[in-house]
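> This is the structure I have questions about; it appears just below.
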Amino acid sequence: MKRLYYILLVTLLIFAFGCEKKAEPEKELIMWLVGSEAQAMSVTELGKEFTKNTGIKVRCEAISWGEAYSKYLTSIAAGATPDIGAMGLTWGTEFGSLGAMMDLGQSYPEDMIVLKKKIFPGIWGSVDYRGKIYGIPFDMTEQVLYYRNDIVKRPPETWFALTELLKELSKEGKGMLFDWGSLNWIGYSAYLWQAGGDFYDASYSTCTLDTEEARRAMEFFAKLYKELGVPKTQIPIEQGMRTGDFPLAISGNWKIVSLTIGAPEINGKWSIATLPKGPSGKGTAFMGGRIMGIFSQSRMKDEAWQFIKFLFKPENQVTLYRKAWETQDAYLPPNTDTWELLPMQEDFKEVLRTQALDAQGPPPVLSWDDSTMFIDQAIQRVVLTNKNAKEALEQATALVNAELNKRR
């Protein structure tokens, strides 16, 4: 009897534990961000507000630019990706073509229609891969012209005006420098677009660097170095602007923070302007940045999309901008609705907004990252070894097209 009693008791206990409702595992989104620890912490901190509203925790982890691409590829191969990735502007196209990232346009078409209208068109062009959207812009950067307003009274508005100004400055031993884009495709791209050219045709099916527009842009870019005193070695904008030896400089918007904090003795003596216009009548600048997308392996896709939309809200983009300013990681928000709220000097804001409306990012082409070295080589041969611009560009075109054909 006693034995039966124990058997019944154990049976009841097993039944009771078996029927006990198991607590649901806590939901947590994992996001990897290519950038600084401070930026990742800002996203995690902002995620606490998201958690209050949804019950979903968020953990953002920083990965360095040096290791990020290989780490993402390794995680894809191992089936161990994060839910969300914030990464280089062209990486979404690359990873999406492997089936590793969601096509957000297909999964959330109505949201995408709304978001597209709010994003600067130049950076949107870099994430739209044949109608597929593997990530939306997380932030952006852009080229602008910096100038010492106590030396240069009026910034040049055209290629001709820039040429004449540099001739005058050279008489005093002064000049212009490239702080972002020196002797590489980023610096050349602005002149290519300003001349009316582009890297590829409209369908991205062939390279168009063998055109008259591309040649004209290359010759002008080379002239800046060979005849108009732009240094062929890298000189930081902070140094050039502080001494006044280089009262003109082309660099990214983040140098506003660097100059304000790093060269306080010239505060009030410098300003920014849009890039000079070329033969096309446009002063198009290069635009970069990062995207945020959802990995196909995520088990929390809808929750991840909720968080991406949360980060895209104007008030949250302002919060991230403020934090970035504090750590000198001054990226700009891609959401045009955010700009009215930005805590920024109004004249600077107007220049940056105007330039962002006339700026382009890298093309959404699978072979792009493997092709840029051919363009860099062409630029350096023309500038450093006096190679004919037309011949150098024809050679680059053949190499870029060969790379393009490998990925068809």
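Here the sequence shown is numbered in the numbering used here, starting from 592 and rising by one per residue. The C-beta atom is built at its ideal place from N, Cα and C for all residues, glycine as well. Owing to the predicted nature of the structure, the values given are computational and were not obtained by experimental measurement.
1) Answer yes if the stretch 754-772 comes into contact with the stretch 836-853, meaning at least three C-beta pairs across the two stretches below 8 Å, and no otherwise.
2) Evaluate the contact criterion for the stretch 971-986 versus the stretch 808-816: three or more CB pairs, one atom per stretch, below 8 Å.
3) What residue from Met-692, Val-821 and Thr-645 has the CA that sits closest to Leu-756's CA?
4) Pull up the CB-CB distance for Pro-955 and Tyr-720, whole angstroms please, since I reckon it's below 8 Å.
5) With three or more C-beta pairs closer than 8 Å as the rule, is the stretch 718-738 touching the stretch 866-883?
6) Can you give the Cα-Cα distance for Gly-687 and Glu-804, rounded to whole angstroms?
7) Does DSSP classify Ser-842 as helix, strand or coil?
8) With a threshold of 8 Å, are at least 3 pairs of Cβ atoms found where one atom belongs to the stretch 843-863 and the other to the stretch 654-665?
9) Taking a contact to mean a Cβ-Cβ separation below 8 Å, would you say Lys-997 touches Ser-958 in this structure?
10) Please list the terminal residues of the continuous alpha helix (DSSP H) segment that includes Lys-648.
11) Whose C-alpha, out of Met-883, Asp-836, Glu-748 and Thr-945, is nearest the C-alpha of Lys-868?
12) Going by Cα to Cα distance, which pick from Tyr-816, Met-832, Thr-802 and Ala-653 is closest to Gly-853?
13) Please report how far the alpha carbon of Lys-593 lies from the alpha carbon of Gly-670, in whole angstroms.
14) Using only CA atoms, which one of Ile-675, Pro-870, Asp-893 and Thr-802 lies nearest to Ala-691?
15) Checking the sheet assignment: what are the DSSP bridge partners for Trp-861?
16) Counting C-beta neighbours from all protein chains within 10 Å, is the total for Ser-655 16 or more, i.e. buried, or is it exposed?
17) Which residue comes first and which comes last in the beta strand (DSSP E) that contains Ile-621?
18) Between Glu-917 and Leu-850, what straight-line distance do the alpha-carbon atoms span, to the nearest angstrom?
19) Measure from the alpha carbon of Pro-934 to the alpha carbon of each residue in Phe-886, Thr-910, Asp-893 and Ala-653, then state which is nearest.
20) For Gln-888, which of helix, strand or coil comes out of DSSP?
21) Hey, how far is the Cα of Tyr-779 from the Cα of Leu-984?
22) Excluding the 5 residues flanking Leu-932 on each side, which residues of the same chain have their C-beta closer than 6 Å to its C-beta?
23) So, helix, strand or coil for Arg-833, using DSSP?
24) Would you mind giving the Cβ-Cβ distance between Gly-835 and Ile-727, rounded to the nearest angstrom? I have them listed as a contact below 8 Å.
25) Identify, in the order they occur along the chain, each residue of the same chain with its Cβ nearer than 8 Å to the Cβ of Ala-921, setting aside the five sequence neighbours on each side.
26) Give the secondary structure of Asp-928 by DSSP, where H, G and I count as helix, E and B as strand, and everything else as coil.
27) Buried or exposed, going by whether 16 or more other CB atoms sit within 10 Å of the CB of Val-991?
28) So which of Asp-792, Ser-717, Gly-722 and Pro-700 has the shortest CA-CA distance to Thr-988?
29) Which same chain residues, not among the five before or five after Lys-723, have their C-beta less than 7 Å away from its C-beta?
30) Taking just the CA atoms, how far does Arg-745 sit from Ala-659?
31) Identify the residues that DSSP records as bridge partners of Ala-854: which are they?
32) Entirely within the stretch 754-798 and at least 3 residues each: give me those beta strand (DSSP E) ranges in chain order.
33) Are the beta-carbon atoms of Gly-952 and Leu-783 separated by less than 8 Å?
34) Determine the closest residue to Gln-630 out of Gly-646, Glu-652 and Leu-815, with distance taken between C-alpha atoms.
35) Mapping the DSSP letters down to three states, classify Arg-881 as helix, strand or coil.
36) Within 10 angstroms of the Cβ of Val-705, are there 16 or more other Cβ atoms? Answer buried if so, exposed if not.
So, from the data block:
1) yes
2) yes
3) Val-821
4) 4 Å
5) yes
6) 32 Å
7) strand
8) no
9) yes
10) Lys-648 -> not in any alpha helix (DSSP H); beta strand (DSSP E) instead, spanning 648-654.
11) Glu-748
12) Met-832
13) Low per-residue confidence applies at Lys-593: pLDDT is 37, beneath 50, and the placement is therefore not dependable enough to give any value.
14) Ile-675
15) Arg-739
16) exposed
17) 619-625
18) 14 Å
19) Thr-910
20) coil
21) 12 Å
22) Pro-905 and Val-909
23) helix
24) Actually they do not touch by this definition, with Cβ atoms about 42 Å apart.
25) Asn-844, Trp-845, Ile-847, Val-848, Tyr-912 and Ala-915
26) helix
27) buried
28) Asp-792
29) Gly-687, Asp-694 and Gly-696
30) 42 Å
31) According to DSSP, Ala-854 bridges with nothing at all.
32) 767-769
33) no
34) Glu-652
35) strand
36) exposed
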